[in-house]
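**Q** If you scroll down you'll find the structure; I have some questions about it.
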Amino acid sequence: MYNFYFRENVVRPMIVSYAVGDVNGDRILDNIYLTGIKTATSPFVQNITLVIQDGRTGRFTRIPLEENAGYNPRLFLGDFTGNGVDDILISIDSGGSGAMMYHYIYSFTNNNPRLLFDFNAYNEQYKYEVTYMNNYKVQVISEENNTKYIIDISLKGEDYLNEIYDENGNLKNPIRGFVNPISSLQPVDFDGNGVYELLAYQRIAGRYNADALGYVQNILKWEYNKFILDNQYVAIFGTEE
């Protein structure tokens with residue numbers, strides 16, 4: 001009686017995202033799923049798993065994810081490597097502060113799963129230094145490409161600036177900001193050639209996480225068997241006149 005009750009109350013995985021495309025390169029459409037476990041009282045999804053059904057054989061392949069819990073898990077299929085076969089982009093909202101997201105890209109060419117992009121590896125590779133400077137400036141240094149950006153914060157508001165600077169525009173105390181982990185990864189075909197690049201967003205923060213100064217925008221493209229930095233921008237917020 002006990003074992004029967006237990007089995008009847010096991011929460012089973014359900015499909016939380018679905019897409020159709022040829023991901024193994026045999027020119028037959030495959031079924032791609034994200035499955036997970038969630039309760040009726042919360043949008044939080046646990047045990048998120050990538051499941052691929054071969055359209056020709058019907059065979060299923062299950063790929064567990066390292067970060068497998070979050071909100072709004074979703075799929076995007078597109079060619080990121082230029083081999084003419086769809087790859088699988090997985091995006092999951094973490095639900096934490098800083099709007100951090102989990103992103104993976106898998107190739108499944110010839111039914112062989114291969115991880116092409118891992119958000120944790122990206123966050124480890126792309127590091128920044130954020131330093132407040134005199135005269136209402138913030139310096140952002142991207143270590144990956146040794147590039148410096150200067151953000152003018154003179155329009156941030158009198159109360160904000162008076163906490164940081166004296167009447168001569170000099171810093172009262174040294175202040176360092178930070179750049180959040182990746183918060184968005186968008187597939188964009190910048191070249192119009194049918195191969196997608198990646199547009200990654202990372203929020204620049206000042207004294208605390210809600211003190212947003214702008215975004216680092218990195219464009220990544222597939223070269224030399226990996227994603228490399230193709231271009232980089234810093235975007236700032238406008239102010240009302």
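Each residue of the sequence shown is one higher than the last, beginning at 1 in the UniProt record's numbering.
We put the beta carbon where it would ideally sit given N, CA and C, even for glycine.
Taking all protein chains shown into account, do 16 or more other C-beta atoms lie within 10 angstroms of the C-beta of S42, making it buried, or fewer, making it exposed?
**A** In the sequence shown, the residue the question calls residue 42 occupies position 42. Result: exposed.
**Q** Would you list the residues sitting across from P64 in a DSSP beta bridge?
**A** On the sequence shown, position 64 is the one that residue 64 refers to. DSSP lists T49 as partners of P64.
**Q** DSSP beta-bridge partners for R114?
**A** In the sequence shown, residue 114 corresponds to position 114, counting from 1. R114 pairs with S107.
**Q** Could you tell me whether the Cβ atoms of P73 and I92 are closer together than 7 Å?
**A** The count along the sequence shown starts at 1 and reaches residue 73 at position 73. The count along the sequence shown starts at 1 and reaches residue 92 at position 92. Taking 7 Å as the Cβ cut-off, P73 and I92 qualify as a contacting pair.
**Q** Please give me, in chain order, every unbroken run of the beta strand (DSSP E) with length at least 3 that falls completely inside the stretch 129-161.
**A** Listed in chain order, they are 137-142, 147-152.
**Q** Taking the beta strand (DSSP E) that N72 falls in, what are its first and last residues?
**A** What you label residue 72 is simply residue 72 of the sequence shown in a count that begins at 1. First-last of the beta strand (DSSP E) with N72: 71-78.
**Q** So, for L65: in the same chain, excluding its five sequence neighbours on each side, which residues have a beta-carbon less than 6 Å away from its beta-carbon?
**A** What you label residue 65 is simply residue 65 of the sequence shown in a count that begins at 1. Closer than 6 Å at Cβ, skipping near neighbours: I48.
**Q** For the alpha helix (DSSP H) holding A19, just list the boundary residues, first then last.
**A** In the sequence shown, residue 19 corresponds to position 19, counting from 1. Not the alpha helix (DSSP H): A19 falls in the beta strand (DSSP E), residues 14-21.
**Q** Between N218 and E144, what straight-line distance do the alpha-carbon atoms span, to the nearest angstrom?
**A** Position 218 of the sequence shown, counted from the start, is the residue given in the question as residue 218. Position 144 of the sequence shown, counted from the start, is the residue given in the question as residue 144. Rounded to whole angstroms, N218 to E144 spans 11 Å at the Cα level.
**Q** Should T81 go down as buried or exposed, given a rule of 16 or more other Cβ atoms within 10 Å for buried?
**A** The residue you call residue 81 lines up with position 81 of the sequence shown. Flag for T81 reads buried.
**Q** Taking all protein chains shown into account, do 16 or more other C-beta atoms lie within 10 angstroms of the C-beta of Y208, making it buried, or fewer, making it exposed?
**A** To locate residue 208, count along the sequence shown from 1; it is residue 208. That one is exposed.
**Q** Grab me the residues of Y33's own chain with a C-beta within less than 6 Å of its C-beta, minus the 5 sequence neighbours each way, in chain order.
**A** Locating residue 33 in the sequence shown gives position 33, counting from the first residue. Cβ within range, chain order: I15, Y18, V51.
**Q** Can you tell which of G206, Y126, I88, A69 has the C-alpha that lies nearest to the C-alpha of Y102?
**A** Numbered from its first residue, the sequence shown carries residue 102 at position 102. Of the listed residues, the one whose Cα sits closest to Y102 is A69.
**Q** Using 10 angstroms around the beta-carbon of N168, count the other beta-carbons present and answer buried if the total reaches 16, otherwise exposed.
**A** To locate residue 168, count along the sequence shown from 1; it is residue 168. That one is exposed.
**Q** Where do the ends of the beta strand (DSSP E) carrying Y233 lie?
**A** As a first step, residue 233 is located in the sequence shown; it is residue number 233 there, counting from the start. Residues 226-236.
**Q** Could you tell me if T239 is buried or exposed, where buried requires 16 or more neighbouring beta carbons within 10 angstroms of its beta carbon?
**A** Against the sequence shown, residue 239 aligns to sequence position 239. Classification of T239: exposed, given that the 10 Å Cβ count is below 16.
**Q** Can you grab the Cα-Cα spacing for the pair P174 / E158, in whole Å?
**A** Sequence index remark: in the sequence shown, residue 174 carries index 174 (1-based). Sequence index remark: in the sequence shown, residue 158 carries index 158 (1-based). C-alpha separation (whole angstroms): 19 Å.
**Q** Just mark S154 as buried or exposed, buried being the case when its beta carbon has 16 or more other beta carbons within 10 Å.
**A** Residue mapping note: residue 154 aligns to position 154 of the sequence shown, counting from 1. Exposed, by the Cβ-count rule.
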